[in-house]
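As structure tokens, the structure follows; a few thoughts come after it.
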Amino acid sequence: MAATPVLTPLPVTSVLFACTYNMIRSPMAAAMMRHFHGSRVYVDSVGVREGDEVDPFAVAVMEEMGIDLSKHRCRTFEDLEDTNFDLIVSLSPEAQHRAIEMTRTMACDVEFWNTFDPTLVDGTRDAMLEAYRTVRDGLLAKLKQRFPLTRGPTV
1 MAATPVLTPL PVTSVLFACT YNMIRSPMAA AMMRHFHGSR VYVDSVGVRE
51 GDEVDPFAVA VMEEMGIDLS KHRCRTFEDL EDTNFDLIVS LSPEAQHRAI
101 EMTRTMACDV EFWNTFDPTL VDGTRDAMLE AYRTVRDGLL AKLKQRFPLT
151 RGPTV
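Sequential numbering of the sequence shown, starting at 1, is according to full-length UniProt numbering.
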């Protein structure tokens with residue numbers, strides 16, 4: 001009996017992270033991806049709707065892990081200069097719908113990482129920061145699982 005061939009997925013060389021406003025979730029995911037894989041993978045992020053500026057709580061929790069998000073500028077799908085990505089990771093239902101629309105004219109994979117919107121949490125500054133940390137840490141865990149850190153070739 002012949003063995004079934006194992007199909008190895010093609011390496012991902014470009015990733016677009018998308019959320020609703022490109023103010024919190026997608027900039028955080030893109031910044032962490034750049035931090036860990038920036039020399040091997042092209043990374044960008046956008047939102048479905050136009051956002052004002054990066055959320056200060058997002059900047060604060062990313063700063064805790066040594067990543068500067070303060071210079072991020074919010075952009076939408078319409079602002080993309082290049083739409084050739086190997087993978088679109090959508091982080092909100094609206095972004096998922098928009099990503100699926102893009103696949104009509106572009107050959108790429110789409111993954112939906114439904115990610116909680118931390119702006120829905122009311123409360124003290126500490127409670128808000130904790131909600132943003134939870135989102136950050138959840139995205140970090142998904143990134144490490146989907147794009148494992150490699151140490152190079154083994155002999």
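Glycine included, C-beta positions come from ideal geometry on N, C-alpha and C.
Item to check | Three-state secondary structure assigned by DSSP to TYR42 | outcome: Taking the first residue of the sequence shown as position 1, residue 42 is located at position 42. Residue state, collapsed to three classes: strand.
Checklist entry - First and last residue of the beta strand (DSSP E) that includes ALA30? => result In the sequence shown, the residue the question calls residue 30 occupies position 30. Counting along the chain, ALA30 falls outside any beta strand (DSSP E), though it belongs to the alpha helix (DSSP H) covering 25-37.
Checklist entry - Which partner residues does ILE88 have in the DSSP bridge list? => result As a first step, residue 88 must be located in the sequence shown, where it is residue number 88. According to DSSP, ILE88 bridges with LEU16, VAL110.
Next on the checklist: Between ASP86 and chain D, is the shortest Cβ-Cβ distance under 8 angstroms, so that the two count as touching?
Outcome noted: Absent from the structure: chain D. Only one protein chain is present.
Item to check | Beta-carbon contacts of PHE85 that lie in its chain and below 6 angstroms, excluding the five residues immediately before and after | outcome: Counting from 1 along the sequence shown, the entry for residue 85 is found at position 85. Taken in chain order, the residues that qualify are SER14, LEU16, CYS108.
Checklist entry - Expressed to the nearest angstrom, what Euclidean distance is found between the alpha-carbon atoms of ASP68 and ASP52? => result The residue given as residue 68 occupies position 68 in the sequence shown. The residue given as residue 52 occupies position 52 in the sequence shown. The straight-line gap from Cα to Cα measures roughly 18 angstroms.
Next on the checklist: Within a Cβ cutoff of 7 angstroms, which residues of the same chain sit near LEU140, ignoring the five residues on either side of it in sequence?
Outcome noted: Looking up residue 140 in the sequence shown gives position 140. Closer than 7 angstroms at the Cβ level, and outside the excluded window around LEU140, lie MET32.
Checklist entry - If you drop the 5 nearest sequence neighbours on each side, which residues of the same chain put their C-beta closer than 6 angstroms to that of SER70? => result Position 70 of the sequence shown, counting from 1, holds the residue named residue 70. Excluding sequence neighbours, SER70 sits near VAL59.
Checklist entry - Out of SER45, ARG98, GLU50, which has the shortest C-alpha to C-alpha gap to MET106? => result Counting from 1 along the sequence shown, the entry for residue 106 is found at position 106. Of the candidates SER45, ARG98, GLU50, the one whose C-alpha sits nearest the C-alpha of MET106 is ARG98.
Checklist entry - Would you call the CB atoms of VAL46 and ASP82 closer than 8 angstroms? => result If you number the sequence shown from 1, residue 46 lands on position 46. If you number the sequence shown from 1, residue 82 lands on position 82. Cβ distance not < 8 angstroms, so VAL46 and ASP82 don't count as in contact.
Next on the checklist: What does the alpha-carbon distance come out to for the pair HIS37 and HIS72?
Outcome noted: On the sequence shown, position 37 is the one that residue 37 refers to. On the sequence shown, position 72 is the one that residue 72 refers to. Distance between the alpha carbons of HIS37 and HIS72 is about 18 angstroms.
Next on the checklist: Measuring only the C-alpha atoms, how far is PHE147 from VAL41?
Outcome noted: Sequence index remark: in the sequence shown, residue 147 carries index 147 (1-based). Sequence index remark: in the sequence shown, residue 41 carries index 41 (1-based). So the alpha carbons of these two residues sit roughly 10 angstroms apart.
Next on the checklist: Taking only three categories from DSSP, how would you classify GLY47?
Outcome noted: Locating residue 47 in the sequence shown gives position 47, counting from the first residue. Of the three classes helix, strand and coil, the one that applies to GLY47 here is strand, per DSSP.
Checklist entry - Three-state secondary structure (DSSP) at THR124? => result On the sequence shown, residue 124 is found 124 positions in, with the first residue counted as 1. THR124 falls in the coil class under three-state DSSP.
Item to check | Extent of the continuous alpha helix (DSSP H) run through ILE100 | outcome: As a working note, residue 100 is residue 100 in the sequence shown. Run containing ILE100: 93-102, per the alpha helix (DSSP H) assignment.
Next on the checklist: Tell me the DSSP secondary structure of THR83 in three-state form.
Outcome noted: Indexing the sequence shown from 1 puts residue 83 at position 83. It is coil, neither helix nor strand.
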